[in-house]
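Trainee:
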Amino acid sequence: MEKKKIEKEKRIIEQMIRLYCLHKEKNEELCDECNELLLYARQRLDCCTFGEKKPACRQCPIHCYKPNMKKKIRLVMRFSGPRMIFYTPIEVLKHLFSK
Ligand SMILES: [Zn+2]
473 MEKKKIEKEK RIIEQMIRLY CLHKEKNEEL CDECNELLLY ARQRLDCCTF
523 GEKKPACRQC PIHCYKPNMK KKIRLVMRFS GPRMIFYTPI EVLKHLFSK
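Quick note on numbering: my numbering labels position 3 of the sequence shown as 475, and the sequence is numbered without any gaps.
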């Protein structure tokens with residue numbers, strides 16, 4: 473099966489985490505905590521049961537993140553989400569933030 477969509481989501485999540493760490497936490501490089509979150513997010517995408525049919529994580533019926541990771545990714549999304557418009561095409565944002 474094609475994995476393009478998952479790969480794309482991984483790149484997006486990486487950009488969002490970097491944005492958050494660099495601009496919000498003012499780190500020059502990705503800190504350990506954010507790196508852990510990134511690895512975790514990638515791993516979650518890899519084993520997402522929906523594969524290519526995956527809905528936006530926000531709408532996903534399976535909340536697969538463990539609580540502390542979920543809390544952190546929410547902070548990342550809240551900070552980086554509105555800023556991602558400068559980095560990614562609008563279709564991606566529509567997908568990620570569709571209600
Ligand atoms: Zn960080």
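Virtual Cβ for every residue (Gly too), placed ideally from N, Cα, C.
Small disclaimer: the values here were computed from a predicted structure and weren't measured.
Out of ARG490, ARG516, GLN515, which one is the CA nearest neighbour of ASP504?
Mentor: Along the sequence shown, read from residue 1 onward, the residue named residue 504 stands at position 32. Looking at the Cα atoms, ARG490 is the closest of the given residues.
Trainee: Measure the Cβ-Cβ separation of LEU509 and LYS476 and say whether it is below 8 Å.
Mentor: Numbered from its first residue, the sequence shown carries residue 509 at position 37. Numbered from its first residue, the sequence shown carries residue 476 at position 4. Their beta carbons are not under 8 Å apart, which means LEU509 does not touch LYS476 by this criterion.
Trainee: Report yes if the C-beta of LEU502 is less than 7 Å from at least one heavy atom of ligand 1; otherwise report no.
Mentor: The residue labelled residue 502 in the question sits at position 30 within the sequence shown. Because some heavy atom of ligand 1 lies under 7 Å away, the Cβ of LEU502 counts as near it: yes.
Trainee: Within 10 angstroms of its Cβ, does LEU517 collect 16 or more other Cβ (buried), or is it exposed?
Mentor: As a working note, residue 517 is residue 45 in the sequence shown. So LEU517 ends up on the buried side.
Trainee: Answer yes or no: do CYS506 and CYS493 have a C-beta to C-beta separation smaller than 8 Å?
Mentor: For this step, residue 506 is matched to residue 34 along the sequence shown. For this step, residue 493 is matched to residue 21 along the sequence shown. It is a contact, given that the beta carbons lie within the stated cut-off.
Trainee: Indicate whether ILE485 and ALA513 have their beta-carbon atoms separated by less than 8 Å.
Mentor: Stepping through the sequence shown from its first residue, residue 485 is reached at position 13. Stepping through the sequence shown from its first residue, residue 513 is reached at position 41. Yes. Within cutoff.
Trainee: Answer yes or no: the CB of CYS415 versus the heavy atoms of ligand 1, is any distance below 7 Å?
Mentor: Outside the shown range of the chain (473 to 571) lies residue 415, about which nothing can therefore be said.
Trainee: Specify, as a first and last residue, the run of the alpha helix (DSSP H) that ILE484 falls within.
Mentor: What you label residue 484 is simply residue 12 of the sequence shown in a count that begins at 1. Its alpha helix (DSSP H) spans residues 476-491.
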